[in-house]
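Each remark here refers to the structure printed beneath this line.
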Amino acid sequence: MDDDDAPLAAPAPPPGFARYFPLERPPPPPRTFELGLVLGGTVSAGAYTAGALDALVELLDAWEATDPPHRVRLPIVTGCSGGGITAGILGLYARKAHHPMPDDFAALMATAAMPDNPLFDVWVNRVDGLAFLDPSDLAGGTAASLLNCRRLDEIARDMVRYGETPNGFGRAYLPDPYRMILSVTNVEGIPYRFDVPAFTGWTGGNYAQHADYARFALPASGIAADPAGARRPDEFWIGMNPSGEGFADFGTLMQYALAGGAYPMALRPRALTRPAAQYRYRPHVLRTPSGAICEPLVPDWSSLPTTGGQVGFTGIDGGVFDNNPVLLAHRELAGMAAPLEPGPDAARRALLLIDPTLHQPRAPGRVAGGMGGIGLAALGAMEAGANYLTADLDMMADPRIFSHFQLVPVRPDRKTAGAAAAATTVLHAFGGFFCRAFRVHDFMLGRLNMRDYLRRVLILRADNPLFDGWSLAERQRHALDADGAPLPTVDGATPPAAYWLPVIPDSLGPAPGGHAGILPWPAGQLDPETLRPALGRRVAALLAIAQKDEILGLLANLWFDAGERFISARITGDIVAAFRAALERHDLLPRAGGAG
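In our numbering, the protein residues as written are 6 to 601.
And the structure:
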């Protein structure tokens, strides 16, 4: 900490702390439902999340246009890993007209450019795997990542220009300012110290918190001014031509989004900066006999390098550690120590997690013996443990709880759900980068699943006060049974507790009646052999750089003694073979020998 940063050492809590982190938040206004979005990690499966959000925005726009009997609000969006990138895109066009995509696979396949819909354009048209294999970024003799990230830089620059050209469109269901929380892994970490009574000279232990996050607020005006004093001291206020601490441009937002999705080693880490004072606003809840207390966690400022009040760090994928995006969204809705009302007759707030990479429950298999098998299994276990808390997923799966919902890919016609129902989830969700048909499929699947989910699952009992303003005709039009099936027998004498209504009614007209016939499964759309030339060039360039690395150099030179071309071809062949095997397991390629 330099001399300019002395205020950081001021006593806690900082100004406004209790206001920003109340133990319990007041209820929503009458006839208003608050929905917090949690966007999980995706890699190339971000196409599914993008499609789901495309449909959600279309449905909410249509619902608002009907002068609805109740309102829906999206007060907070949190994003982890690739979900953070999607949250950032959603924020960029929160105040712009929406151009939804059709539920037509052939039409989507033919749409090669759609700049007015960045959800589709970024996740379907522009994240092209061949661009990631281009070796031109390695010409300088260094490698920041296994894949070329220049295409991501281009997308970020275009998204900045998009965000800086507002067209005056507003959405009542998005707050002003629109707020999001993006998770990121802070490689250097935030230092903290445990103070304990001195014992033979020992005064406490130090630790670094690597699970980090950043808050962003986008005002409706699109400018950086904050005339109402609405900016929180722990957030970036995004606008054009910003000035002053905590005010930032759209480029800052996109760099944090890219950092939060920078899969370790595969994608380039990002150098990030932020006001060090933002770390004064990190809440910690203590449970005492007299009740809960919320206090700030105070960093060890003496161990946190800062310059001019700013701290710099290296940001990578927010899913490396459990950044707990579910908890962050929960606290924004309910407060630091308050539950979300779970009952179908009383719930007024809910969390909706969208994650296309979650798998169906399955019995754990035995781990293969040997160092390699144990190492790979340990990496998989760490990755799984860094995603979500088991308790959160249990609540989302509990049919008795109506404050936690979860959308995952579902294809009833193929009897698949979770990652198996999506195409982009092949090869640890990197496979979708190399086949546009996979991304088109998952975008459309996200749209279909979201419409179906809002019709049949995100529902509450009709005696919930949320529906007090509904007319009998509206109730008859949307009435459902507890399983989400239409209920045509409702009349004025039917007790409201005997039927259910959707929180976000689908007013777009009849939705497609199913996936079979309208959404073909994209089997046979990618032959991994076609990637061999580009993969070979990338592998050869990376091996040449590895020779000069002081850690990898010895191993690389041993390999090269066996023949540089042979080693490069062997690695490339192994990658192609692994890709082919993954496609076969995912039913995206016929199995060798014609096996089903």
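The beta carbon of each residue, even a glycine, is placed where N, CA and C say it ideally should be. Since the model is a prediction, treat every value here as computed from it, not as a measurement.
Which of helix, strand or coil does DSSP assign to residue i?
{"i": "I464", "result": "strand"}
{"i": "Y268", "result": "coil"}
{"i": "A23", "result": "helix"}
{"i": "L58", "result": "helix"}
{"i": "N454", "result": "helix"}
{"i": "I243", "result": "strand"}
{"i": "A600", "result": "Summary for A600: the model assigns pLDDT 46, below 50, so the residue's position carries little reliability, and this model does not support an answer."}
{"i": "R279", "result": "strand"}
{"i": "R416", "result": "strand"}
{"i": "I359", "result": "strand"}
{"i": "D217", "result": "strand"}
{"i": "L65", "result": "helix"}
{"i": "Q260", "result": "helix"}
{"i": "A118", "result": "coil"}
{"i": "F448", "result": "helix"}
{"i": "R100", "result": "coil"}
{"i": "G296", "result": "strand"}
{"i": "N130", "result": "helix"}
{"i": "T91", "result": "helix"}
{"i": "T577", "result": "helix"}
{"i": "R630", "result": "Nothing about residue 630 can be read from this structure; the chain reaches only from 6 to 601."}
{"i": "I550", "result": "helix"}
{"i": "R52", "result": "A small fix is needed here, since residue 52 is Ala in this sequence, not Arg. Reduced to three states, the DSSP call for A52 is helix."}
{"i": "A342", "result": "coil"}
Taking the alpha-carbon positions, what's the residue i to residue j distance?
{"i": "G194", "j": "R176", "result": "37 Å"}
{"i": "E159", "j": "D181", "result": "29 Å"}
{"i": "A422", "j": "W306", "result": "47 Å"}
{"i": "P288", "j": "F22", "result": "9 Å"}
{"i": "G56", "j": "V127", "result": "11 Å"}
{"i": "F438", "j": "R198", "result": "43 Å"}
{"i": "F125", "j": "M449", "result": "10 Å"}
{"i": "R590", "j": "V132", "result": "24 Å"}
{"i": "P27", "j": "A264", "result": "30 Å"}
{"i": "R78", "j": "E346", "result": "17 Å"}
{"i": "L540", "j": "I550", "result": "16 Å"}
{"i": "A334", "j": "V43", "result": "7 Å"}
{"i": "P533", "j": "Q214", "result": "40 Å"}
{"i": "R162", "j": "F255", "result": "9 Å"}
{"i": "R150", "j": "M270", "result": "First, the residue type needs correcting, since residue 150 is Ser and not Arg in the sequence shown. So the two alpha carbons sit approximately 5 Å from each other."}
{"i": "R24", "j": "T257", "result": "26 Å"}
{"i": "T362", "j": "V413", "result": "8 Å"}
{"i": "A355", "j": "L513", "result": "23 Å"}
{"i": "F326", "j": "L113", "result": "36 Å"}
{"i": "R596", "j": "I523", "result": "25 Å"}
{"i": "E240", "j": "F221", "result": "5 Å"}
{"i": "Q552", "j": "T278", "result": "33 Å"}
{"i": "P507", "j": "V462", "result": "8 Å"}
{"i": "P238", "j": "D72", "result": "36 Å"}
{"i": "R542", "j": "R155", "result": "17 Å"}
{"i": "G88", "j": "G146", "result": "32 Å"}
{"i": "K101", "j": "F174", "result": "5 Å"}
{"i": "A528", "j": "L593", "result": "4 Å"}
Based on Cα-Cα distance, which residue from the options lies nearest to residue i?
{"i": "N329", "options": "G313, D217, Y25, F472", "result": "D217"}
{"i": "W505", "options": "N469, P538, G474, I523", "result": "N469"}
{"i": "F472", "options": "D350, T535, T429", "result": "D350"}
{"i": "L536", "options": "E250, G578, P525", "result": "G578"}
{"i": "R184", "options": "G244, S141, R162", "result": "G244"}
{"i": "R444", "options": "D457, M455, Y458, T429", "result": "T429"}
{"i": "G168", "options": "M259, G134, H215", "result": "M259"}
{"i": "A427", "options": "F407, G451, I406, R405", "result": "G451"}
{"i": "A343", "options": "G313, G266, A546, G296", "result": "G296"}
{"i": "W475", "options": "P510, H446, L223, W242", "result": "P510"}
{"i": "R466", "options": "R456, D486, H75", "result": "D486"}
{"i": "F410", "options": "P417, Y458, F38, H433", "result": "Y458"}
Report whether the distance from the Cβ of residue i to the nearest heavy atom of the ligand GTP is below 7 Å.
{"i": "G194", "result": "You won't find the ligand GTP in this model; it holds no ligand whatsoever."}
Spell out the partners DSSP gives residue i in its beta bridges.
{"i": "Y197", "result": "Y212"}
{"i": "V82", "result": "L42, M185"}
{"i": "F252", "result": "W242"}
{"i": "F410", "result": "L357"}
{"i": "T429", "result": "Per DSSP, none; premise fails for T429."}
{"i": "H364", "result": "DSSP output for H364 lists no bridge partner at all."}
{"i": "V77", "result": "F38"}
{"i": "T421", "result": "R416"}
{"i": "V290", "result": "C299"}
Beta strand (DSSP E) runs wholly inside the segment 481-543, at least 3 long, in chain order:
List check, beta strand (DSSP E) in window: 505-507.
Considering only residues of the segment 299-325, which uninterrupted alpha helix (DSSP H) runs meet the minimum length of 4 residues and lie entirely inside it, listed in chain order?
Fully enclosed alpha helix (DSSP H) runs of 4 or longer: not present.
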